[in-house]
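Quick notes on the structure that follows.
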Amino acid sequence: HPFAVFPGICRVHHAAALQLRGRWAEAEREATRACAELTGLHRPNAAAAWAEIGDIRRRLGDLSGAVDAFAQADDLCPQPRPGFALLQLAEGDLDRASAVIGDALESAGWNRLARAKVLPAFAQIAIAAADLATAGGAVDELEAIAEAFDSGGLRAAAASARGRLELATGHPNACGTLRNAVTRWTELGVPYEIATARMLLGEACHSHGDEAASAEAFNAARQLFDELGVRVDASRPARRPMAELPRGLTEREAEVLRLVAAGHTNKEVAATLFLSDKTVARHLSNIFTKIGVSTRAAATAFAFEGGLMNRGG
């Protein structure tokens with residue numbers, strides 16, 4: 001009977017709402033019941049329930065459990081899912097993450113709300129791949145959709161995405177943008193996103209030399225993550241060298257530049273840092289732009305003269 005699927009579908013939506021509130025044990029129980037109710041009735045919605053479980057486990061840091069859940073979802077209804085792309089990113093498979101999230105955005109077509117669900121992860125993965133131009137386009141689009149639909153949730157997601165991009169590019173407004181993101185998520189009462197935005201804010205404050213604000217943001221993030229049961233070391237970025245990197249270089253860009261200055265080829269840098277050759281090339285392009293050079297020799301001179309070689313990786 002067609003009405004038989006309704007309770008299960010309602011459970012999927014209820015699980016998603018519980019996840020937003022950080023009530024993850026309840027959310028997983030509800031999604032698991034939905035899986036049991038829907039598997040024989042409506043495979044796409046059963047798959048959505050498994051994907052919800054995958055997202056919960058990914059956020060908790062249970063990556064192997066998340067892999068299992070997304071595999072169940074794919075068995076029922078194969079499709080590219082942003083949560084699975086972020087799982088691949090968390091597991092260090094940047095190429096696969098990029099491919100999956102690209103397919104997910106393509107599948108969304110011109111449906112703006114469908115695209116808005118994909119764009120935050122799309123931008124995050126593009127930033128991880130050092131493709132800052134693509135990330136910038138995604139953030140611009142997300143901001144435009146948020147304004148068009150006058151959505152508080154989308155505005156919060158757009159603020160986080162913009163702040164993440166500004167952090168990656170060394171933009172002076174990153175701290176202000178991420179404070180705005182924290183405020184917006186706090187107004188919505190979404191604890192995981194609040195904690196994530198605070199983590200990014202801590203990194204931004206640290207990169208701009210404001211150690212007091214950085215410590216405050218990291219401590220608040222750590223407390224929230226602890227309450228949520230998330231496996232994450234929120235103090236990790238605070239243990240970076242205290243000296244600010246020159247010209248807005250990110251930690252990863254500094255690593256790449258040190259290896260290049262030490263005489264390594266792009267392929268060797270890629271192997272050392274577990275990146276693709278294409279990502280290393282993008283990092284180098286971004287580095288050259290930031291430090292105002294056009295050759296490896298000039299970049300090497302900058303690394304030695306600026307003291308980067310003495311800082312360690």
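Per our numbering: the sequence shown ends with 313, consecutive numbering throughout.
A virtual CB, placed ideally from N, CA and C, is assigned to each residue, including glycine.
Subject >> Residue of A104, G189, R164, L63 minimising C-alpha distance to G92 >> reply: L63
Original post:
What's the call for W185, buried or exposed, on a 16-neighbour Cβ count within 10 Å?
Top reply: buried
Original post:
Do P82 and D103 have their C-beta atoms within less than 8 Å of each other?
Top reply: no
Subject >> Where the alpha helix (DSSP H) through T186 begins and ends >> reply: 174–188
Original post:
According to the Cβ coordinates, are C77 and R43 closer than 8 Å?
Top reply: yes
Original post:
If we ignore side chains and look at the alpha-carbon of each, how far apart do E253 and K117 end up?
Top reply: 29 Å
Original post:
How would you label F6, buried or exposed, when you count the other beta carbons within 10 angstroms and need 16 or more for buried?
Top reply: exposed
Original post:
Just checking, does the segment 132–144 make contact with the segment 292–302 on the three C-beta pairs under 8 Å criterion?
Top reply: no
Subject >> Buried or exposed by the 16-neighbour rule on C-beta atoms within 10 Å, applied to R236 >> reply: Per-residue confidence for R236 stands at a pLDDT of 47, beneath the threshold of 50, marking its modelled position as unreliable; the derived number appears in the next sentence. Under this definition R236 is an exposed residue.
Subject >> Close-in-space but distant-in-sequence residues of the same chain around A48 (CB under 6 Å, 5 per side omitted) >> reply: V12
Original post:
Taking C-beta to C-beta, are A135 and L86 nearer than 8 Å?
Top reply: no
**OP:** Provide the residue span of the alpha helix (DSSP H) that contains R282, from first to last.
**Re:** 277–291
Original post:
Under 8 Å between the Cβ atoms of A204 and A174?
Top reply: yes
**OP:** With a 10 Å radius around its C-beta and 16 neighbouring C-beta atoms as the bar for buried, classify P172 as buried or exposed.
**Re:** exposed
Subject >> CB-CB length for K290 against G170, believed under 8 Å >> reply: 7 Å
Subject >> Closest Cα partner of A301 within the set A271, H283, F274, L259 >> reply: L259
**OP:** Could you check the C-alpha separation between S276 and N286 for me, to the nearest Å?
**Re:** 16 Å
Subject >> Meets three-Cβ-pair contact criterion under 8 Å: the segment 28–46 and the segment 190–201 >> reply: no
Original post:
Under a three-way DSSP split, which group does S294 fall into?
Top reply: coil
Original post:
Is the distance from the Cβ of R57 to the Cβ of A46 below 8 Å?
Top reply: no
Original post:
So the alpha helix (DSSP H) Q19 belongs to, where does it begin and stop?
Top reply: 6–20
Subject >> Neighbour-count burial assignment, Q223, 16 or more Cβ in a 10 Å radius >> reply: exposed
Original post:
CB-CB under 7 Å to R155, same chain, minus the five flanking residues each way: which ones, in chain order?
Top reply: A146, R184
**OP:** To the nearest angstrom, report how far apart T272 and A262 are at their CA atoms.
**Re:** 13 Å
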